[in-house]
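Line order of the protein sequences matches chains L and R.
Here the first sequence is numbered in my numbering, starting from 1 and rising by one per residue.
Here the second sequence is numbered in my numbering, starting from 1001 and rising by one per residue.
Ideal Cβ positions, reconstructed from N, Cα and C, are used throughout, including at glycine.
First up is the structure itself, then whatever we jot down about it.
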Amino acid sequence: MTKKITLKINGTEHTMEVEPRMLLVHAIRENVSLTGTHIGCDTSSCGACTILIDGKSAKSCTVLAVQAQGKEIATVEGLATAEGLHPIQEGFHLNHALHCGFCTPGMMMRAIELLEKNPNPTEEEIRWGISGNLCRCTGYNNIVKAIEWTSAKMQGKDLPSTEPEFV
Amino acid sequence: MIKCKTSKEIGGMGHSKKRKEDARFIQGKGNYVDDVKLPGMLYMDIVRSPYAYAKIKNIDASAALAIPGVVAVVTGKDLEKYGLHWMPTLMSDTQMVLPTDTVMYQAQEVAAVIATSRYLARDGKEAVMVDYEPMTPVMDPFKALDEDAPVLRSDQEGKSDNHIWHWEVGDKEKTENVFNNADVVVKQQMHIPRIHVASIETCGCVASYNKVENHLTMYMTTQAPHAIRTVIALVAGHVGLTEEKIRVISPDIGGGFGGKVPVYPGYVIAIAVSFLTGAPIKWIEDRSENLQADSFARDYHITAEMAGTKDGKIQATRFKVLADHGYTDASANPSKFPTGLFSIGTGSYDYGASYMEADAVYTNKPPGGVAYRCSFRVTEAVHAIERMTDMFAKKVGKDPAQLRMENFIKKEDFPWASPTGWSYDSGDYHAGLQKAMDAIGYHDLRKEQIEMRKEGKKFLGIGISTFTEVVGAGPAKDFDILGIKMFDSAEIRVHPTGKAIARFGTKSQGQGHETTYAQIIAEELGIPMENIQIEEGDTDTAPYGLGTYASRSTPTAGAAAAMAARKLRDKAKKIAAHLLEVSEQDLEWEPGKFFVKGAPEKAKTIQEIVFAAYTNHPEGMEGGFEATHYYDPPNLTFPSGAYICVAEVDAETCDIKVRRFVAIDDCGNIINPMIVQGQVHGGLTQGIAPAMYEELIYDESGNILNGTFMDYLVPTAVESPNWETGHTVTPAPHHPIGAKGVGESPTVGAPPAIVNAIVDAVAHLGIKHLEIPVTPFKLFKELQKVGYFKKNA
Ligand code: FES
Ligand code: FES
């Protein structure tokens, strides 16, 4: 038994037949071929699959595709526009906040909502704010730095240095 | 500050160039193995054993096969017909691809289900009925050696026990003598527990066999694509799949850390099924499968001893190891090194006697023994020596920093011959520790520690680790994997317009090779790094190499890049002399151009020279501008570090917090400070992980108790403190660019610094040692044992 649904992803509608049990992450990756959203676990623990649903960050491995019918979905592929990269993408690149890049899309999607709700987060608020997203490569220092940089950028403040600092 | 020889535009060594590879990753355009989609592709899922040790009485696949969309169910008996049910491990042991009669660990592969979708493959997996006859597993490595223990590997002819090998190094008698006459001996039994690399991307592949061409394209998560191609040819050559018919593509990799070095049964089953059906087969493991069945790291039980004088001079060390390898020795070590490079465990200290021995045993646990961001068992060794150094300091009543300073090998004593046979290339251990102590304010912290003890709410601990790593395997005379020497390669092609592509036998999993290799070539040739494209991971195009692990890429392939570039610079000089009509001796090099000595206006840029190589080269010279180099390192490299951790322990709850952590690394010359720092940050978080959070736990019946991300505690941004890093620079004298490798140092060096800090915090309460991971509960129980809570009741 399948169900016909229409998913609106990054502003484009995609109609497809899916089994009711299909996870949203699979619909996005396999049916719509947007493979920037990743899968890193089977217990909703890692956050590699994080997207925005109606502006709120969500782990797309925890949502059924049929539940997303009629909602606005945003994935990493929709961040950059004709004008260029989204500030969070710039922030991650300039601050070396990614190594293998596998956690990066989910981490950025989560950071977007974090900054929306709290445009001036402290280091501690950032750390707790991304604690549902695992990164095995970077040790998080530069992810925190990237989010701080993006916060400044989005508010038109003076930008912190993106050079590495050493003791 | 790092001095750069090249301009920012050229971007050679020492520049913190932003990464070239980022563009695709931040836009969701990376290409990881699960992103590969081929026409007609089928999906594979794997039935796994619920028991740690059992006979398989029957496998009934009929219900699975009745599901529309399930195409096939493959068992060991099916593979047996083709002689594919066993395969060799990297340590020349053997491992089941699929069992024909016995399973040896929980989550072992039992059968594979092939279906037209991921979901149907999972349905099929649930429907396969396996009838098991459970047996009592051997879980305790010490009991594995008991006379009445069942012989697990009865498949090996004449095997009468569970012992795998014995290894030893050093001078046993000399060491015994020192111990017998020493003023002070400290001894500690410790376990370096089983952990898992848990890269955020799990393992997987798409095996695509083309029957018409008799050709296999294998997309897979591998850190060593060339070696894997050879292994596939060795396993499947007898069915006609010879090496020229195999192309291994390692696409973008979502973290490796050692876990993507071995050949897992899933890969081989996928190849076999594709070979038999002609359809591309995708297999992507779940996180739980990844944690439960893929290669573990560590699992060394160590009895460590240190002998010295009462005024604090280290005189000898003695380590005895029992290594739990699971049911097969599937370590990813160089062939001649069953314990990897464990013998680096004499540490950074100047003394002349050491003896180490190890025995390995089979148990009913998953196989492995891969590194976890570590150069072949160096982490275990460093933990032992750095814990012992602290215990020795406590015993003789000396400050641990002071004691280290007094025992370090001196800068001028390099190259230094270690009592276990290494020749340390270079180091300045005093400078590193001094820098770390200054940065953290060591002496003030010691005062604060006394104050806080008086106050009694929180206890402060300061822990040091001053380690020496050994990386960059390795010199061909000693280092091979399955007989293949561990050199690595680079091929540089410079196009007529002066832009280049370079290919390598290594494979980045996040280390940033596309940027750092380009910087090495930019340094040597003066071509802007932006104009140098780097490619790895396709065995059809890249030169042969042994891959990326053990921090070996910069020491081997990085050196190969420099050497290949130097061949090109020699050629460039000849062309420049021809163009400028002078002799080669009259020319001088400055990054990006040759000019006539004393007449700098007479110059040819590298771009002009390269163009001439295609349009106007001297008669008798080969045209083109390409070079390849296979680099065989004369020695390993010996990076070092001085780490200081400041930990706070809550006197009531035993909660442990890392307040500060300063890491001073010395990885020789630095190619890209930003990337080196990033590597250190990441490695430190993978250092706090085993020190405080991670351990794979099994019960007596062989069940894994924390085989998912719900309960295997990978640190989040909350557990991971803000790392403070810096460096000293002592170049590797024998390396073309003086670099040493860095990716693993922090994972190796951090755990003992953290544990030393926690032990230091509670030492005044009578705690001498704590086993990792040091959790608040473990600490609570240890404090209970020494009567701390009674006293405070
Ligand atoms: S895949 Fe790990 S949380 Fe969704
Ligand atoms: S960059 Fe590799 S997991 Fe975060």
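N-terminal and C-terminal residue of the alpha helix (DSSP H) that residue i is part of
i                             : result
serine 1062 of chain R        : 1062 to 1065
arginine 1318 of chain R      : Element bounds for arginine 1318 of chain R: not the alpha helix (DSSP H) but the beta strand (DSSP E), 1314 to 1324.
threonine 1515 of chain R     : 1513 to 1525
lysine 983 of chain R         : An answer regarding residue 983 of chain R cannot be provided, because it is not within the stretch 1001 to 1793 covered by chain R.
arginine 1566 of chain R      : 1559 to 1580
alanine 1612 of chain R       : 1606 to 1615
leucine 1433 of chain R       : 1429 to 1440
alanine 1023 of chain R       : 1022 to 1026
leucine 94 of chain L         : 87 to 94
phenylalanine 1275 of chain R : 1265 to 1277
Which of helix, strand or coil DSSP assigns to residue i
i                             : result
methionine 1452 of chain R    : helix
glutamate 1080 of chain R     : helix
leucine 23 of chain L         : strand
phenylalanine 1179 of chain R : helix
proline 1400 of chain R       : helix
proline 1639 of chain R       : coil
asparagine 31 of chain L      : helix
aspartate 1632 of chain R     : coil
phenylalanine 1342 of chain R : helix
proline 1746 of chain R       : helix
proline 971 of chain R        : With chain R covering 1001 to 1793 only, the question about residue 971 of chain R has no answer from this structure.
serine 1426 of chain R        : coil
glycine 1683 of chain R       : helix
valine 1729 of chain R        : coil
isoleucine 1059 of chain R    : strand
isoleucine 1385 of chain R    : helix
lysine 236 of chain L         : No answer is possible for residue 236 of chain L: it lies beyond the span of chain L, which begins at 1 and ends at 167.
serine 1354 of chain R        : strand
histidine 14 of chain L       : strand
isoleucine 1758 of chain R    : helix
tyrosine 1032 of chain R      : strand
threonine 1466 of chain R     : strand
alanine 1691 of chain R       : helix
Terminal residues of the beta strand (DSSP E) in which residue i lies
i                          : result
lysine 169 of chain L      : Outside the shown range of chain L, which is 1 to 167, sits residue 169 of chain L, and nothing can be said about it.
asparagine 1210 of chain R : 1204 to 1210
leucine 1705 of chain R    : Leucine 1705 of chain R -> no beta strand (DSSP E), and no H or E assigned at all.
glycine 1620 of chain R    : From DSSP, glycine 1620 of chain R is part of no beta strand (DSSP E); its letter is neither H nor E.
glycine 1308 of chain R    : 1300 to 1308
arginine 1660 of chain R   : 1656 to 1666
aspartate 1586 of chain R  : No beta strand (DSSP E) holds aspartate 1586 of chain R; DSSP gives it neither H nor E.
glutamine 1095 of chain R  : 1094 to 1096
leucine 7 of chain L       : 3 to 9
alanine 74 of chain L      : 72 to 74
leucine 52 of chain L      : 50 to 53
Any non-hydrogen atom of ligand 3 within 6 Å of residue i CB
i                             : result
phenylalanine 1459 of chain R : Ligand 3 is not part of the structure shown, which contains ligand 1 and ligand 2 as its ligands.
Any heavy atom of ligand 1 nearer than 6 Å to the CB - residues listed: L:Ile39, L:Gly40, L:Cys41, L:Ser44, L:Ser45, L:Cys46, L:Gly47, L:Ala48, L:Cys49, L:Lys59, L:Cys61
message: I'd like to know if the segment 1413 to 1430 of chain R and the segment 1322 to 1337 of chain R are in contact, where contact means that at least 3 CB-CB pairs between them fall below 8 Å.
response: no
query: Is it a yes or a no for the segment 1099 to 1112 of chain R touching the segment 1651 to 1670 of chain R, going by three-plus beta-carbon pairs under 8 Å?
result: Output reads no: the segment 1651 to 1670 of chain R does not touch the segment 1099 to 1112 of chain R.
field: At least 3 beta-carbon pairs within less than 8 Å: the segment 1069 to 1087 of chain R vs the segment 1264 to 1278 of chain R
entry: yes
message: Which runs of the beta strand (DSSP E) at least 3 residues long sit entirely within the segment 1107 to 1192 of chain R? Give them in chain order.
response: 1109 to 1115, 1129 to 1134, 1163 to 1170, 1184 to 1192
message: Under 8 Å: do the segment 1312 to 1330 of chain R and the segment 1367 to 1380 of chain R share three or more Cβ pairs, one atom per stretch?
response: yes
message: Below 8 Å, how does it come out for the segment 1192 to 1201 of chain R and the segment 1228 to 1241 of chain R: are there three or more Cβ pairs, yes or no?
response: With a cut-off of 8 Å, the segment 1228 to 1241 of chain R and the segment 1192 to 1201 of chain R do not count as touching, because too few Cβ pairs lie within range.
message: I'd like to know if the segment 1060 to 1075 of chain R and the segment 135 to 153 of chain L are in contact, where contact means that at least 3 CB-CB pairs between them fall below 8 Å.
response: The segment 135 to 153 of chain L and the segment 1060 to 1075 of chain R do not touch, with fewer than three beta-carbon pairs separated by less than 8 Å.
task: Kindly provide the ranges of any alpha helix (DSSP H) runs that are 4 or more residues long and lie completely inside the segment 1203 to 1254 of chain R, ordered along the chain.
output: 1225 to 1236
task: Could you tell me whether the segment 1338 to 1353 of chain R touches the segment 1709 to 1724 of chain R, using the rule of 3 or more Cβ pairs below 8 Å?
output: no
query: Where are the alpha helix (DSSP H) runs, 4 residues long or more, that stay fully inside the segment 96 to 134 of chain L, in chain order?
result: The qualifying runs are 104 to 117, 123 to 129.
task: State whether the segment 68 to 82 of chain L contacts the segment 104 to 116 of chain L, with contact taken as three or more CB pairs (one from each stretch) at a distance under 8 Å.
output: yes
field: Contact set between the segment 1699 to 1722 of chain R and chain A, restricted to residues whose Cβ is under 7 Å from the partner
entry: Considering every chain present, this structure includes no chain A. Its protein chains are L and R.
query: Should the segment 1588 to 1603 of chain R be called in touch with the segment 1611 to 1621 of chain R, which here means at least 3 C-beta pairs below 8 Å?
result: no
field: Touching by the beta-carbon criterion (3+ pairs, under 8 Å), the segment 13 to 22 of chain L and the segment 57 to 75 of chain L
entry: yes
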